[in-house]
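Asker: Right, I'll just put the structure down here and ask away after.
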């Protein structure tokens, strides 16, 4: 009851007032005129209640009377109900506004959380890009060192080629000396022939002819042997030089493939820098990979390392072309250590 009064003070006051009016009407029933059930009641204004009690006793003023019919009372009750309904509607509207405000605040909080997550994600992405740039710089430095090593190796190969050229010049000199020996033999042959001519008799002539034929044969055999030796040595040197050159080109070709695979190495796992495997590749003439095998790994190379190594080979397609066709090989094998 007290809670109702505190929540609805106006309605409670009006209800009390109406009850008082009805009681007053019943008290003065004998003084009422029988006019359509009209009730005569006396109302006192608030200003009159403030008059001093002494003045009220000394001077009695006539009471004002007001006649209220049932319609007036019902109208007052309807007004109270309307006020209650209006107040309830206002409370509902206030509750709806409060709920909407809470929803709006929750939405703002969600937007704020989403913006914070977006900022954190951007920060993480920026850090990842920074790490990626640092890795790229490291790879560039490693590549620079590799290029310098290739340059030094090319210089060494040039020195070897120059040495081979000097050896070829020496062989040419030896050939010229052999030719000189042949010329001397020819001179000796001519001198011998001249000496044979001095023999007068047929027998001597025949003997000389036989000797000449034998000498000629020996000379021809000697010349042929010398020429064969010279040709064999020159051919051997040419083959050795060509084989060495092809071997060097083959090493450069395989190293270029290995370098390309290392450049395409990507991994999200933590791999030991001591991990090492042997990669065997079967390729087509245009450099496309037919198959790849990663085996002969050391103890630091796990399954993820082998899988990432295979992916690096596939990303390297097409593989670099050989400098010359002679060094192309469908089966390429090299040690891989990123």
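In the numbering used here, the protein residues as written are 163 to 500.
The beta-carbon is built from N, C-alpha and C at its ideal position, and this holds for glycine as well.
Going by DSSP, what residue range makes up the alpha helix (DSSP H) through residue 487?
Answerer: Here residue 487 is taken as the residue at index 325 of the chain shown, counted from 1. First-last for residue 487: undefined, no H or E at that position.
Asker: Any Cβ of chain E within less than 7 Å of the Cβ of residue 306?
Answerer: The structure shown has no chain E; it contains just one protein chain.
Asker: Going by CA-CA distance only, name the one from 285, 436, 472 and 488 that's closest to residue 407.
Answerer: Looking up residue 407 in the chain shown gives position 245. Comparing Cα positions, the closest option is 488.
Asker: Note down the Cα distance separating residue 353 from residue 336, rounded to an integer number of angstroms.
Answerer: On the chain shown, residue 353 is found 191 positions in, with the first residue counted as 1. On the chain shown, residue 336 is found 174 positions in, with the first residue counted as 1. Rounded to whole angstroms, residue 353 to residue 336 spans 25 Å at the Cα level.
Asker: Any contact of the region 421-433 with the region 470-482, i.e. 3+ C-beta pairs under 8 Å?
Answerer: Yes, they touch.
Asker: Following a CB-centred definition, is residue 469 positioned closer than 6 Å to any heavy atom of the ligand GDP?
Answerer: For the ligand GDP, the structure offers nothing, since it holds no ligand at all.
Asker: Go ahead and label residue 242 buried or exposed: buried means 16 or more other beta carbons lie within 10 angstroms of its beta carbon, across all protein chains shown.
Answerer: Indexing the chain shown from 1 puts residue 242 at position 80. Result: buried.
Asker: Under a Cβ-count criterion, where at least 16 other Cβ atoms within 10 Å of its own Cβ denotes burial, should residue 478 be classed as buried or exposed?
Answerer: Within the chain shown, numbered from 1, the residue matching residue 478 stands at position 316. Residue 478 comes out buried.
Asker: Compute the beta-carbon to beta-carbon distance between residue 441 and residue 498, rounded to the nearest angstrom, for a pair I have assumed lies under 8 Å.
Answerer: Position 279 of the chain shown holds residue 441. Position 336 of the chain shown holds residue 498. Between residue 498 and residue 441 the Cβ distance is about 5 Å, and since that is below 8 Å, they are a contact.
Asker: Give, in chain order, every unbroken run of the alpha helix (DSSP H) that is at least 4 residues long and sits entirely within the region 358-444.
Answerer: 364-425, all fully within the region 358-444.
Asker: With a CB to CB cut of under 8 Å and the five nearest residues on each side skipped, what residues in its chain are close to residue 383?
Answerer: Position 221 of the chain shown, counted from the start, is the residue given in the question as residue 383. Here the set comprises nothing.
Asker: How about residue 484 and residue 415: do their beta carbons lie closer than 7 Å?
Answerer: Residue 484 sits at position 322 when you count from the first residue of the chain shown. Residue 415 sits at position 253 when you count from the first residue of the chain shown. Yes, they are a contact pair.
Asker: If we ignore side chains and look at the alpha-carbon of each, how far apart do residue 196 and residue 231 end up?
Answerer: If you number the chain shown from 1, residue 196 lands on position 34. If you number the chain shown from 1, residue 231 lands on position 69. Reliability of the predicted coordinates at residue 196 is poor, the pLDDT of 48 falling under 50, and the value obtained from them is presented with this limitation in mind. Approximately 12 Å between the Cα atoms of the pair.
Asker: With a threshold of 16 other CB atoms inside 10 Å of the CB of residue 454, please say whether the residue is buried or exposed.
Answerer: What you label residue 454 is simply residue 292 of the chain shown in a count that begins at 1. It counts as buried.
Asker: Taking the alpha-carbon positions, what's the residue 267 to residue 437 distance?
Answerer: Residue numbering aside, residue 267 sits at position 105 when the chain shown is read from its first letter. Residue numbering aside, residue 437 sits at position 275 when the chain shown is read from its first letter. Cα to Cα, residue 267 sits roughly 55 Å from residue 437.
Asker: Where DSSP assigns a beta bridge to residue 494, which residues make up the other side?
Answerer: Locating residue 494 in the chain shown gives position 332, where the first residue counts as 1. According to DSSP, residue 494 bridges with 443.
Asker: Considering only DSSP beta bridges, list what residue 451 is partnered with.
Answerer: As a working note, residue 451 is residue 289 in the chain shown. Looking at the DSSP assignment, residue 451 forms a beta bridge with 445.
Asker: So, helix, strand or coil for residue 240, using DSSP?
Answerer: Within the chain shown, the letter at position 78 stands for residue 240. Residue 240 falls in the helix class under three-state DSSP.
Asker: Straight-line CA distance for residue 310 to residue 386?
Answerer: Locating residue 310 in the chain shown gives position 148, counting from the first residue. Locating residue 386 in the chain shown gives position 224, counting from the first residue. Looking at the two C-alpha atoms, the distance is approximately 50 Å.
Asker: Using C-beta distances below 7 Å, list every residue in its chain close to residue 404, excluding the 5 sequence neighbours before and after it, in chain order.
Answerer: As a first step, residue 404 must be located in the chain shown, where it is residue number 242. None.
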